[in-house]
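Residues 0 to 658 (numbering that gives the first Met the number 0) make up the sequence shown, in order.
For glycine and all other residues, C-beta sits at the position ideal for the given N, C-alpha and C.
What follows is a single structure, written as structure tokens, with notes after it.
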Amino acid sequence: MGRISDVIGARDPGRARLVSAVSVVTGVLASALFASSVIRVLHADGAFLVMGVFLSMLAGNVVKGPSPASRSVTAALLPPVIVATVLVASSLSAWRPAMIGVFVLLAGISMWLRRFGPRATAIGTIAFFTFFFTLFMHPTAAELPVYCLIAAGAATTQLLVRLFLMLRRPRRQLEVLLAELRVASAAALHAATRPEHRRTVRRRLARLDAVGQAITTWQHDYPTARYTDVSERDLGELALDARAYVEEVCDELVRGGSAPPTLPSLLAVLDPHAAPGRVAAAGAWAERAENGGDLIAQSTRAHFRLRAIEVSGDRQSAIEPQPERAPVSTANAEPSASWRAWRQWAPTTRLAVQASIAALIATGVGEAISASRWYWAVLTAFLVFMTATTRSNILTRAYRRIIGTVLGIAVGALLAYLAHGNSIGIIAICAIAIFGMLYFGPLNYAYSSFFVTVMLIALFDMLGVLNRSLIELRIEETVVGAVIGVLCAYLILSSSSKPALLTKIGAYFDALDDLLRAGDDTIAARAPNGGRLASVRALDAAQAGLDQTVAAMSTAFLVGRRQAVEESALHLMHFTTLSATRFSQLVREGKPGPVADASAVREAITAARAAAERTRARLERGRDDAETVPAAVEERRDDRRDGSPAIMALTRIEWAMTR
0 MGRISDVIGA RDPGRARLVS AVSVVTGVLA SALFASSVIR VLHADGAFLV
50 MGVFLSMLAG NVVKGPSPAS RSVTAALLPP VIVATVLVAS SLSAWRPAMI
100 GVFVLLAGIS MWLRRFGPRA TAIGTIAFFT FFFTLFMHPT AAELPVYCLI
150 AAGAATTQLL VRLFLMLRRP RRQLEVLLAE LRVASAAALH AATRPEHRRT
200 VRRRLARLDA VGQAITTWQH DYPTARYTDV SERDLGELAL DARAYVEEVC
250 DELVRGGSAP PTLPSLLAVL DPHAAPGRVA AAGAWAERAE NGGDLIAQST
300 RAHFRLRAIE VSGDRQSAIE PQPERAPVST ANAEPSASWR AWRQWAPTTR
350 LAVQASIAAL IATGVGEAIS ASRWYWAVLT AFLVFMTATT RSNILTRAYR
400 RIIGTVLGIA VGALLAYLAH GNSIGIIAIC AIAIFGMLYF GPLNYAYSSF
450 FVTVMLIALF DMLGVLNRSL IELRIEETVV GAVIGVLCAY LILSSSSKPA
500 LLTKIGAYFD ALDDLLRAGD DTIAARAPNG GRLASVRALD AAQAGLDQTV
550 AAMSTAFLVG RRQAVEESAL HLMHFTTLSA TRFSQLVREG KPGPVADASA
600 VREAITAARA AAERTRARLE RGRDDAETVP AAVEERRDDR RDGSPAIMAL
650 TRIEWAMTR
């Protein structure tokens, strides 16, 4: 169980998704209890329990924000929005054209509201889904008060959970993150001892970077000196050193093919169950070997010092200033001149038009398939536009939506058959499905679609309407809605994904150039060394943003060689980030090389920056013809006889950029 927990922890830094999933599921269970009590006391329709579960899940899932307080305010606004939407939908139920028109209009308004931030997005989304669910349940005038009570209660339970979550435990969060940093480091080292598993090494190093970024986020949210016995900069430097040294050791292990005899000392410091005496001995050895240049000793020392940090409760110290942040380019790569005026529109305006037209078309096609379940097609057409901004994003969401729905129907039907007639079993299936959606959904939208479908199938069984024809109808309406959404994205006010991708690429190369230029200034004694940590963090953030952008349009890379190009390009960028971090670390330690070699280091910086600029220009032109790596660069990259680690790191950047 400990190993399973470690693996999960490395994938979920700080257990953030776990906390979110558990909190929302708690709210859903509380909503189900409240709804069942209301139904029992007021003798209402038992089907309203389904609505209480579904709306509570939505109310917990759509609330986003930069802080617990802001998320609680958003959650407090949802109950009145839900009640107002229910009343509007019910009042329009007698006028079908008006009802359909408002439903379609809500789809567009929900997209447009995204421009005003997460709070407006949550309000628009919950209004759309509340309208949809009112169409699905069609309560009568006599049932309307109970329906509104249960609907408002569903959102209120999530508000209560949000208020509870405001009682954060920063100390515990940091303890978890530091433990997960050790877990991710050990996992990467174990994989690196088997060079044939290079992809596994890359994945585990990516997890290590994610944990490091989570520690940076924690430092942005809380004053470090208030909860530890070190300063904010010291903690940041130690965490960065621990990451960078482990990544460097992994590279050495993959290239060397055999583990050196000193590796067990590092693994002892990383082992959460190691005896204190063994950890102390490993730390003492690392401190004695500090000046020897041994990467394993340096890594052991960094992790030992991190492990020795005293994390305690609120020290009531003055709040430290936030760390300096290196600027990251946000220039818009959209072509400035085009006869297509919509290319100059805000993305939310264009998406609002596309979503409205898709919803309107889906209404007609959905009605042709089924006059009673037409809104499923509209729902899918709406969902493929959520969180998307370009046609490749929409294509990817539609593809994942179909895959997740089909698999979810198969699994959900089996579970519903096993739990048929058992209300507690059905509620348990729904709770587990909601947890899976919230925990795994952020990793891939297909997971979210899968678990939502499992939940819906269980709810249909609770309503007594689950049968083969309903399942077939669900698949047909989902496919139709997804296809309509994709066609509207590509044929109506179409926007290429390339500008958004180029913007992220540009931000990455800007951050890389800032880091290299800062190193050059430090070596030339033109600038202090204080901004190094901010430069590395900016590069990490740019790398993460690029990874997310590519993942969101991954289906577009399935054609031809694009998937291989995507994988190799991202791997080389990660390799570049690792090398740049190592170079910055050496500059901070004052070890760019012997003093006499300072000019050689600066020449290597110039070469690396030039290679990066050439690569950026080629990527922005969209050329796919790979150049042959010059033999001199290839030899310098693999030459371990050079006594300057900084030049070696810079040469590796030049090598990766040239490839």
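Shortest alpha-carbon distance to residue i belongs to which of the options?
i: Ile401; options: Arg651, Arg473 and Thr362; result: Arg473
i: Ile504; options: Ala517, Leu545, Thr386 and Phe574; result: Leu545
i: Ser109; options: Asp293, Val61 and Ala648; result: Val61
i: Ala409; options: Glu471, Val377, Arg399 and Arg349; result: Glu471
i: Val21; options: Leu382, Leu86 and Gln157; result: Gln157
i: Gly403; options: Gly440, Ser422 and Ala361; result: Gly440
i: Asp250; options: Val364, Leu294 and Val278; result: Leu294
i: Leu455; options: Cys429, Gly435 and Glu247; result: Cys429
i: Phe587; options: Glu236, Ala351, Ala213 and Thr362; result: One point to set straight first is that residue 587 is Arg, not Phe, in the sequence displayed. It is Glu236.
i: Gly100; options: Phe127, Gln584, Asp596 and Val82; result: Phe127
i: Leu305; options: Phe434, Ala241, Ser371 and Asp509; result: Ala241
i: Thr521; options: Ala597, Ala541 and Leu569; result: Ala597
i: Leu173; options: Ala141, Leu490 and Gly13; result: Gly13
i: Arg193; options: Leu148, Ala258 and Ala178; result: Ala258
i: Thr348; options: Ala488, Thr379 and Ala285; result: Ala488
i: Ala645; options: Ala603, Arg161 and Leu511; result: Ala603
Run through DSSP, which three-state label would residue i get?
i: Thr227; result: strand
i: Val464; result: coil
i: Ala15; result: helix
i: Val310; result: strand
i: Ala387; result: coil
i: Met647; result: helix
i: Met63; result: Correcting the residue type first, residue 63 is Lys in the shown sequence and not Met. Note: Lys63 maps to coil in three-state DSSP.
i: Arg254; result: helix
i: Asn443; result: coil
i: Arg324; result: Residue placement at Arg324 is poorly supported in this model, since its pLDDT is 39, which falls under 50; the coordinates still yield a value, given next. Arg324: coil per DSSP, three-state reduction.
i: Ser92; result: coil
i: Gly235; result: helix
i: Ile73; result: Position check: residue 73 holds Thr in this sequence, whereas Ile was assumed. Here Thr73 sits in helix by DSSP.
i: Asp270; result: coil
i: Thr261; result: coil
i: Thr605; result: helix
i: Leu378; result: helix
i: Tyr221; result: coil
i: Leu492; result: coil
i: Ser553; result: helix
i: Pro138; result: coil
i: Ala655; result: helix
i: Arg10; result: helix
i: Ala332; result: Here the model assigns Ala332 a pLDDT of 39, short of 50, so the residue's position is not dependable and the matter cannot be decided.
i: Trp111; result: helix
Around the Cβ of residue i, are there at least 16 other Cβ atoms within 10 angstroms (buried) or fewer (exposed)?
i: Gly123; result: buried
i: Thr73; result: buried
i: His302; result: buried
i: Arg531; result: buried
i: Arg70; result: buried
i: Gly276; result: exposed
i: Tyr416; result: exposed
i: Ala499; result: buried
i: Ile423; result: exposed
i: Leu413; result: exposed
i: Pro144; result: exposed
i: Ser30; result: buried
i: Gln547; result: exposed
i: Gly42; result: Inspection of the sequence shows that residue 42 is occupied by His rather than by Gly. Answer is exposed; the Cβ neighbour count stays below 16.
i: Thr477; result: buried
i: Thr650; result: buried
Taking CB distances under 8 Å as the criterion, tell me whether residue i reaches chain D.
i: Ser298; result: Looking at the structure shown, chain D is missing, and only one protein chain is on hand.
So does residue i have its beta carbon nearer than 7 Å to some heavy atom of the ligand MN?
i: Ala616; result: This structure lacks the ligand MN; in fact it carries no ligand of any kind.
Between residue i and residue j, which are expected to be in contact by the criterion C-beta below 8 Å, what is the C-beta distance as a whole number of angstroms?
i: Pro169; j: Tyr221; result: 4 Å
i: Thr199; j: Phe130; result: Wrong, their Cβ atoms sit about 47 Å apart, outside the cutoff.
* To do: Count the CB pairs spanning the stretch 382–399 and the stretch 546–554 that are closer than 8 Å, and state whether there are at least three.
  => yes
* **contact_flag[the stretch 197–213, the stretch 254–274] where n(CB pairs < 8 Å) is 3 or more** => no
* Asked: Using 8 Å as the Cβ pair cut-off and three pairs as the minimum, do the stretch 461–469 and the stretch 351–366 touch?
  -> no
* At least 3 beta-carbon pairs within less than 8 Å: the stretch 167–186 vs the stretch 113–128 -> no
* Would you check if there are 3 or more beta carbon pairs closer than 8 Å linking the stretch 443–458 to the stretch 485–500? => no
* Counting Cβ pairs closer than 8 Å, one from the stretch 26–42 and one from the stretch 126–141, do we hit at least three? -> no
* Segment contact, 8 Å Cβ cut-off, at least three pairs: the stretch 217–231 with the stretch 256–267 -> no
* Cβ contact check for the stretch 82–97 and the stretch 54–68: 3 or more pairs under 8 Å -> no
* Taking three-plus beta-carbon pairs below 8 Å as touching, is the stretch 504–517 in contact with the stretch 531–540? -> yes
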